[in-house]
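Following: one structure in structure tokens, then a few remarks.
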Amino acid sequence: MLCALLKIEHQWIHIDILKGESKTAAFLAKNSNGKIPLLETPDGTCLAESNAILNYLASESSLLPRDAMQRAKVLQWQFFEQYSHEPFIAVARYINIYLSLPKARQQEYQDLQAGGHKALAVMEKQLLATDFLVGNTLSIADISLYGYTHVAEEGGFDLNQYPGILAWCKRIESMPGYINMQDSEL
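Just so we're aligned, residue 724 is where the sequence shown starts under the working numbering, counting upward by one.
If you want it as structure tokens, here you go:
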């Protein structure tokens with residue numbers, strides 16, 4: 724989505740983690756951690772981790788503030804995404820959608836709900852006060868959190884409880900250059 728918003732020419736290569744495509748020798752040579760996403764630049768340099776990629780691609784754009792405190796707030800939300808949001812919302816979604824909620828993981832799925840709702844409540848509080856996570860301008864903090872938030876219902880999280888988040892999703896989806904991220908996570 725960031726490439727579309729910034730009009731960055733790129734080639735998307737789908738890596739199917741369920742088929743082990745991120746564990747092949749060729750992929751591991753580019754990212755020894757064996758995880759997606761992975762950015763490979765034209766000179767062959769590889770960069771892993773979604774938020775590192777977003778920071779790199781947005782480094783010269785208005786989506787990454789120049790002001791030190793505003794930039795730190797972007798990072799604050801990106802750390803929040805990695806430690807307080809993704810471990811609950813993305814994992815619940817994965818268990819439900821990609822593993823078809825197997826009996827052996829139903830308790831884990833249920834246990835993830837409280838943490839996911841806590842993360843959504845933190846976002847909701849901010850988004851009732853400002854249009855975007857770092858004030859009233861879109862930043863890569865929003866893109867970081869939009870990824871799994873807009874599909875949180877697939878992990879059992881009813882977004883109707885969070886009108887601020889729903890309005891935020893609509894604001895992002897109305898941005899010039901927006902593309903649907905659905906199904907691009909795996």
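All residues carry an ideal CB built from backbone N, CA and C; glycine is no exception.
Note that the structure is predicted; figures quoted are calculated from it, not measured.
Delimiting residues of the alpha helix (DSSP H) encompassing residue i
i    : result
E763 : Careful: E763 lies outside any alpha helix (DSSP H), inside the beta strand (DSSP E) at L761 to E763.
A923 : Residue 923 is absent from the structure shown; the chain starts at 724 and stops at 909.
G870 : I863 to T872
A752 : A748 to K753
G879 : Element bounds for G879: n/a, residue is neither H nor E.
Contact under 7 Å by Cβ, residue i with residue j
i    : j    : result
V857 : A864 : yes
L843 : Y885 : yes
E809 : L868 : no
A748 : L761 : no
W891 : L850 : yes
G838 : F811 : yes
Three-state secondary structure assigned by DSSP to residue i
i    : result
G858 : strand
L787 : coil
A781 : coil
L843 : helix
H737 : coil
F802 : helix
E744 : helix
S807 : helix
E831 : helix
Supposed contact pair residue j and residue i - C-beta distance, whole angstroms, cut 8 Å
i    : j    : result
G870 : M904 : 6 Å
I728 : Y901 : Just to set this straight, residue 728 is Leu in the shown sequence, not Ile. Contact flag correct, Cβ pair sits at about 7 Å.
Q836 : A815 : 7 Å
I759 : S745 : 6 Å
Separation of residue j from residue i, as counted between CA atoms
i    : j    : result
I888 : D881 : 11 Å
N859 : W735 : 30 Å
A852 : K730 : 30 Å
S907 : H737 : With a pLDDT of only 43 at S907, under 50, the local geometry of the prediction cannot be trusted, and no value is derived from it.
G743 : F750 : 10 Å
C726 : L780 : 8 Å
Q829 : I866 : 30 Å
N754 : H733 : 19 Å
E757 : V845 : Strictly speaking, residue 757 in this sequence is Gly, with Glu absent from that position. If I take the Cα positions, the gap works out to 31 Å.
P899 : S773 : 22 Å
N778 : E831 : 32 Å
L786 : C769 : 22 Å
K826 : N819 : 11 Å
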